[in-house]
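A.B. asks: In the numbering used here, the protein residues as written are 2 to 188.
Here it is in structure tokens:
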């Protein structure tokens, strides 16, 4: 398959879901890759999101030096599941320490840990997402950069104004360390 077909197939799978992808693949036999190949393409893309981890290193791929950060929260269907890649449960309300979410917080080591996690923690009713939007440069003013998801994690909406300000300072300083200047924040 060509790169454009692979990219289309990954987008179709992500946006349409597994059932829609299979429906199109079976009705247009041989036109797009099978599911195991799509999963391999996604895993090899190095664009995997890990709950509550900020992807500041990936900002450099977008050749951006200036941009805006936005933060938004939306309601989700409550669901907790096990993430094999991180050996942790995702979907619970992520603890916030000094405004920053703690990644890989729910890692069970024994069956008792597993029971404790499920019995004592709230499955997150909300998803908090941080997005970075690059500003086009004079050299390339026609080409508008795509937004980039910095982080996503489950929340229960129990945090303070100071937590938000500390998180924004953390994002600002971490971006600055990577040579990217945050011009402003929105929520």
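Beta carbons: idealized from backbone N, C-alpha and C, even for Gly.
All values reported here derive from a predicted model rather than from experimental measurement.
Is the beta carbon of residue 50 closer than 8 Å to that of residue 150?
C.D. replies: yes
A.B. asks: As a quick exercise: from 31, 4, 3, 39, pick the residue whose alpha carbon is nearest that of residue 18.
C.D. replies: Nearest in C-alpha terms to residue 18, of all of 31, 4, 3, 39, is 39.
A.B. asks: Under the assumption that residue 187 contacts residue 71 (Cβ atoms under 8 Å), give the Cβ distance between them as a whole number of angstroms.
C.D. replies: 5 Å
A.B. asks: Start and end of the beta strand (DSSP E) containing residue 39?
C.D. replies: Looking at the DSSP string, residue 39 is not in any beta strand (DSSP E); the run it does join, the alpha helix (DSSP H), is 36 to 45.
A.B. asks: With DSSP collapsed to three states, give me the class of residue 92.
C.D. replies: Shown here, residue 92 sits in coil according to DSSP, grouped into three states, outside any helix or strand.
A.B. asks: Comparing alpha-carbon positions, which option in 5, 43, 28, 31 lies nearest residue 14?
C.D. replies: The residue among 5, 43, 28, 31 with its C-alpha nearest the C-alpha of residue 14 is 43.
A.B. asks: Would you identify the three-state DSSP class for residue 74, choosing helix, strand or coil?
C.D. replies: strand
A.B. asks: Over what stretch of residues does the beta strand (DSSP E) that includes residue 84 continue unbroken?
C.D. replies: Run containing residue 84: 82 to 84, per the beta strand (DSSP E) assignment.
A.B. asks: Residues in the same chain with beta-carbon distance under 8 Å from residue 86, minus the five sequence neighbours each way, listed in chain order, please.
C.D. replies: 49, 51
A.B. asks: According to DSSP, is residue 151 helix, strand or coil?
C.D. replies: strand
A.B. asks: Buried or exposed, going by whether 16 or more other CB atoms sit within 10 Å of the CB of residue 97?
C.D. replies: It counts as buried.
A.B. asks: Could you tell me which whole beta strand (DSSP E) segments of length 3 or greater appear in the stretch 102 to 149?
C.D. replies: 127 to 135
A.B. asks: Residue 124: which of 133, 137, 94 sits nearest, CA to CA?
C.D. replies: 94
A.B. asks: Is the stretch 76 to 84 touching the stretch 114 to 131, taking contact as three or more C-beta pairs under 8 Å?
C.D. replies: yes
A.B. asks: Whose C-beta lies closer than 7 Å to the C-beta of residue 7 among residues of the same chain, with five residues either side of it excluded?
C.D. replies: So the qualifying residues of the chain are 34, 42.
A.B. asks: Decide yes or no for the touch test of the stretch 164 to 171 against the stretch 100 to 107: beta carbon pairs closer than 8 Å, at least 3 of them.
C.D. replies: yes
A.B. asks: Could you check how far apart the C-beta atoms of residue 68 and residue 183 are, in whole angstroms? I think they sit under 8 Å.
C.D. replies: 7 Å
A.B. asks: Just grab the DSSP bridge partners of residue 49 for me.
C.D. replies: In DSSP, residue 49 forms no bridge with anything.
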